[in-house]
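**Q** Next up is a structure, given as C-alpha cells.
2 protein chains.
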Amino acid sequence: MVEPLSDRRRQILEAIIEEYIATAQPIGSRTLTRFSAISLSPASVRNVMAELEEQGYLHSPHTSAGRVPTEKAYRYYIDSLLRVNCLDRARQDQIEQHYHRRGLQMGELLREASRTLSTVAHYTGLVMVPRLQSTVFRRIEFVKLSSRQVLTVFITQSGMIQNRLIETSEEFTAAELEQITNYLNQTMSGLSIREARALILAEMAQEKALYDRLLQRSFQLSEEALAEIADGEVIIEGTSHLLDQPEFNDLERMKRIFRAFEQKSLLLNLLDRGLKAKGVQVIIGSETEYPELAGCSLITANYSGRRGTLGALGVIGPSRMPYSTLIPIVDYTAGMISRMLDEETE
Amino acid sequence: MVEPLSDRRRQILEAIIEEYIATAQPIGSRTLTRFSAISLSPASVRNVMAELEEQGYLHSPHTSAGRVPTEKAYRYYIDSLLRVNCLDRARQDQIEQHYHRRGLQMGELLREASRTLSTVAHYTGLVMVPRLQSTVFRRIEFVKLSSRQVLTVFITQSGMIQNRLIETSEEFTAAELEQITNYLNQTMSGLSIREARALILAEMAQEKALYDRLLQRSFQLSEEALAEIADGEVIIEGTSHLLDQPEFNDLERMKRIFRAFEQKSLLLNLLDRGLKAKGVQVIIGSETEYPELAGCSLITANYSGRRGTLGALGVIGPSRMPYSTLIPIVDYTAGMISRMLDEETE
DNA sequence: ATTTGGCACTCCGCAGAGACGAGTGCCAAG
DNA sequence: CTTGGCACTCGTCTCTGCGGAGTGCCAAAT
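Line order of the protein sequences matches chains A and B.
For the first sequence, this note's numbering assigns the number 31 to the initial residue and increments by one for each residue that follows.
For the second sequence, this note's numbering assigns the number 31 to the initial residue and increments by one for each residue that follows.
Written out as C-alpha cells, the structure reads:
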C-alpha cells in the first residue's frame with residue numbers, strides 16, 4: 031500500500047504537508063517554491079504534484095486551488111517522514127508544574143491530565159479512566175450502614191477506589207461481614223476484577239457452597255458489589271480549542287464532532303483500541319471507522335501503573351494538526367501520569 | 031423599575047417576545063399584525079413599539095429592521111406575563127422513562143439528570159453536585175491498606191460517598207482504627223461536614239486532647255480525611271444543542287460561551303446563587319454578572335433530599351429560549367430527582 | 001384623542017458583473 | 001529532465017442595483 035516515493039516527491043510532499051498544517055490553506059506550486067527550501071521551478075513542482083495527486087497523496091478542492099494532503103499523505107508523513115524530537119524543556123516544565131500539587135486522587139489526577147493536555151497542546155484532551163474490569167483486585171471492604179444497607183468499597187492495585195451501596199435482602203451482622211471480608215480478600219487477592227467475578231460465579235454454581243450458608247451469602251454480596259461497576263469513562267477537556275481552528279468554519283462538520291464527543295463510547299472505543307500497542311499511536315480520519323470523526327485525528331498513548339497498562343490518553347482535533355509537536359506532548363504526559371501513579375501505589 | 035404597562039402595550043410586548051422566541055427574527059409591525067391575534071393596524075402597533083423601545087423593552091438592530099426584546103423585556107415577560115402550565119403527560123413520561131433503571135448511585139443519577147434535561151429540553155443541561163461541606167455527616171470509616179496507608183470513606187445522610195487515601199506519618203493498628211471510627215461516628219453524627227471540621231479543630235486546640243494520645247491522633251486523621259474534599263462540581267451535558275440555535279451564527283459569542291462552560295466555577299456560582307430561593311429561578315443575561323454569558327439565560331431549580339436542599343439543576347442557552355416550556359421541564363426534573371434521592375436514603 | 005392609511009426614507013440582503021489572483025495543464029525550448 | 005510561457009479555470013472580492021421589510025411622521029378618518 032505504501033509504495034516508496036522518490037526523494038524529490040518525498041521532499042515536496044513533506045513541504046506541502048507542513049505548510050498546510052501551518053496555514054490551513056491549499057498549497058500551490060508557486061507558494062511552495064517561495065516558502066520552502068525547494069530549489070525547483072513552480073512548473074517542476076507542478077509535475078510532481080500531479081503525480082502525487084495521482085498516487086492519492088494530494089487532492090485539489092477545485093481546479094484552480096492548491097493541493098491539500100489526503101489521509102494517505104498524513105499516514106505516510108507520520109510513518110515515514112516524521113522525526114519526533116524530544117519535548118523541549120520549556121514545555122516539559124509547563125506540564126510538570128500542573129502536577130505540583132501532591133496527593134491527588136486518581137480521578138483528580140486524570141482530570142488534571144486531560145486539562146493539561148488540552149492547554150499545553152491547544153487541542154482537545156482525552157483521558158480514558160482505567161477499566162475496572164481488567165484492573166487487579168487489591169482489597170474489598172464492607173460497611174454496614176443500616177439493617178439492610180451495606181456499603182461496599184473496593185480498591186484496585188492501581189489505587190482506584192469504587193463504592194457501591196447495596197440493599198441486601200437479608201440482614202448481615204457485623205461479625206459476618208468481617209468474616210466475609212477476610213475470606214474474600216484472601217481468595218481474590220491478585221486477581222483481576224473480571225477473574226474475580228468469574229471465580230465467584232463458578233463457586234456459586236458449585237455445590238459445596240450450597241452447604242456453607244455464610245460462604246454462599248458472601249459470594250452473593252461480592253457478586254453484587256462487582257456487578258455493573260461504573261466503567262468506561264472518558265474525560266474530555268478543552269473542547270473550546272476546536273472553535274479556534276479554521277476548520278471550524280465548516281459548521282456542519284463541527285456539529286458532528288461535538289455530537290461525537292457527547293457519545294463518549296465512541297471515543298472510548300478508539301482509546302481502547304490502542305491499549306495493546308506500545309508508544310504513541312496516531313489514528314487518522316477514516317481509520318477511526320466513525321463517519322462522525324471524518325477529518326479528525328487522534329494522537330494517543332497508554333499510561334500504566336506499577337502493574338502494566340491502565341488506560342490511554344491523548345488529544346483529538348482536525349487531521350491537520352501539528353503532529354511533530356503534539357506527539358511528544360502526549361508521550362510525555364503519558365509517561366508523567368504513569369510515574370505519578372507508580373509513586374502513589376508504592 | 032418595572033412600571034406597569036397598559037393593557038395594549040402588555041399584549042403587544044408579549045406577542046413580540048413570543049414571536050421572537052419562535053423565529054429568532056426581529057419582529058416588525060406588519061408581521062406582528064399578521065401572525066398574532068392583535069386587531070390593530072401596523073401603524074398603531076408601530077406607535078406602541080416606539081413607546082416600548084423608549085421604555086427599554088425593545089431594541090432595533092438597525093433602522094429598518096424589526097424589534098428585538100431586551101433583557102428587561104424577558105424579565106418582565108417571566109415575572110408578569112408568563113403563566114407556567116403544568117408539564118404535559120407526554121413529556122412527563124419522557125422524563126420518567128430515563129430513570130427506570132433503579133439503584134443508581136447518586137453520581138450516576140445526577141449525570142443522568144443532566145443528560146435527560148438536555149435531551150428533553152433540547153438545551154444544555156446543568157446539574158450541580160451537592161456541596162459536601164454543607165451536607166450532613168452520617169458515617170465515617172477507616173480501612174487500613176498498608177502500614178502507612180489508610181483509606182477513609184465517609185458517607186453523608188443524602189447517600190453521597192467520598193473516599194480519600196491518606197498517607198499517615200505513623201502507623202495505626204486495626205484496633206486503634208476501630209476505636210477511632212466508633213468515637214468519631216458518635217461525636218459527629220448529625221453535624222454538617224463544616225461543623226464537624228470546626229469541632230475537630232476546636233478539640234485539637236483544647237488541651238485535654240493533648241493528654242489523650244489516641245484522641246489526638248483520631249482528630250488528626252479525621253481532619254485529614256475531611257480536608258479539601260472534592261467539592262463544587264457541575265455536570266454539563268448536551269452542549270451540542272447550542273450548535274443548533276440560530277444564535278450560533280455569531281461565532282465569537284459562541285466561543286465565549288463554550289469557554290465559560292470549561293470554567294465550571296462560573297456556572298457553579300450561578301447555581302449556587304439560587305440555592306436559598308425556592309422554586310424555579312430564571313437568570314437573564316447580564317443578571318449573571320458574567321460578561322462571558324451575555325445573551326444567555328439560565329433556568330434553575332433546587333433539588334433536595336430528605337434533609338433539605340442539596341443542590342441545583344437547570345438548563346442554559348441563549349436568552350431567546352422558550353421559557354414557558356422549559357420552566358416546567360426543569361421544575362419537574364428537580365422534583366423527580368428529589369423524590370429519587372428521598373427513596374434512596376430511606 | 002386615537003386610529004389609520006399613505007408616503008418618503010433607510011437599510012439589509014441578495015444577485016449579477018467584472019476584476020483580480022492564485023493555480024493548473026500542457027507544450028515546446030533549453 | 002527542467003523550465004518558462006501561455007491559455008484557461010475558478011474562487012474570492014468588490015461594486016452595483018434592486019426588492020423587501022421596516023420605520024417615522026403626518027394628515028385624514030373615526
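Think of the CB as a built atom: it goes at the ideal place given N, C-alpha and C, for glycine as much as any other residue.
What you are looking at is a predicted structure, and each value in this text was computed from that prediction instead of being measured.
For a test of the three-state rule: what should DSSP assign to L112/B, helix, strand or coil?
**A** coil
**Q** Within a Cβ cutoff of 8 Å, which residues of the same chain sit near F249/B, ignoring the five residues on either side of it in sequence?
**A** I230, E233, M234 and A239
**Q** Should the stretch 322-330 of chain B be called in touch with the stretch 338-356 of chain B, which here means at least 3 C-beta pairs below 8 Å?
**A** Yes: at least three Cβ pairs fall under 8 Å.
**Q** Strictly under 8 Å for the Cβ-Cβ distance: is G220/B near chain A by that measure?
**A** no
**Q** Does Y333/B come out as helix, strand or coil in the three-state DSSP assignment?
**A** strand
**Q** Please name the residue in F184/A, Q275/A, S177/A and L88/A whose C-alpha comes closest to that of V173/B.
**A** For V173/B, the closest of F184/A, Q275/A, S177/A and L88/A by C-alpha to C-alpha distance is F184/A.
**Q** With 16 other CB atoms within 10 Å as the buried threshold, where does L117/B fall?
**A** By the Cβ neighbour-count rule, L117/B is buried, with 16 or more other Cβ atoms within 10 Å of its own.
**Q** In or out: I46/A buried (at least 16 other Cβ within 10 Å) or exposed?
**A** buried
**Q** If you reduce the DSSP assignment to three classes, tell me which class G155/A lands in.
**A** Here G155/A sits in strand by DSSP.
**Q** Counting only C-beta atoms, is N193/A closer than 8 Å to chain B at any point?
**A** yes
**Q** Of the choices I57/B, T100/B, I357/B and L343/B, whose alpha-carbon is the least far from that of S94/B?
**A** I57/B
**Q** Please name the residue in L70/A, L340/A and R243/A whose C-alpha comes closest to that of K308/A.
**A** L340/A
**Q** Kindly list, in the order they appear in chain B, the residues whose Cβ is closer than 9 Å to that of R289/A.
**A** S270 and L273
**Q** For I68/A, which of helix, strand or coil comes out of DSSP?
**A** coil
**Q** Pull up the distance between the alpha-carbon of L297/A and that of N115/B, whole angstroms please.
**A** 40 Å
**Q** Where does Q179/B sit, in a helix, a strand or coil, going by DSSP?
**A** strand
**Q** Quick check for students: name the residue ranges of the alpha helix (DSSP H) that lie wholly in the stretch 206-263 of chain B, counting only runs of 4 or more.
**A** 223-235, 237-241 and 243-256
**Q** Drop a sphere of 10 angstroms on the beta-carbon of G220/B, count the other beta-carbons inside from all chains shown, and report buried for 16 or more, exposed for fewer.
**A** exposed
**Q** Output the distance between the C-alpha atoms of S144/A and G344/B, rounded to the nearest integer angstrom.
**A** Going by the C-alpha atoms only, they are around 26 Å apart.
**Q** Can you tell me whether DSSP reads K174/A as helix, strand or coil?
**A** strand
**Q** Tell me, please, which residues DSSP counts as bridged to S193/A.
**A** The identity of residue 193/A in the sequence shown is Asn, whereas the question assumes Ser. V183/A, per the DSSP bridge assignment.
**Q** By a C-beta neighbour count over all protein chains shown, 10 Å radius and 16 as the cutoff for buried, is A120/A buried or exposed?
**A** Exposed.
**Q** Within the 8 Å Cβ cut-off, does A125/B reach chain A?
**A** One detail in the question is off: residue 125/B reads as Ile in this sequence, not Ala. Not one chain A Cβ lies under 8 Å of I125/B.
**Q** Count the other C-beta atoms from every protein chain shown that fall within 10 angstroms of the C-beta of S110/B, then say buried if there are 16 or more, exposed otherwise.
**A** exposed
**Q** Hey, how far is the Cα of S66/B from the Cα of T318/A?
**A** 51 Å
**Q** In chain B, which residues lie less than 7 Å from K285/A when you measure between Cβ atoms?
**A** S270 and L273
**Q** Output, in chain order, the set of chain A residues within a Cβ distance shorter than 9 Å of R169/B.
**A** V173, L175 and L181
**Q** Which chain B residues are close to G189/A, counting only those with a beta carbon under 8 Å from its beta carbon?
**A** For the C-beta of G189/A, the chain B residues within less than 8 Å are, from N- to C-terminus, L195.
**Q** May I ask you to list the residues that DSSP assigns as paired with S327/A?
**A** I314/A and G347/A
**Q** Compute every distance between the C-beta of Q216/B and the non-hydrogen atoms of the ligand MN, then say whether any falls below 7 Å.
**A** The model on display carries no ligand, and the ligand MN is accordingly not part of it.
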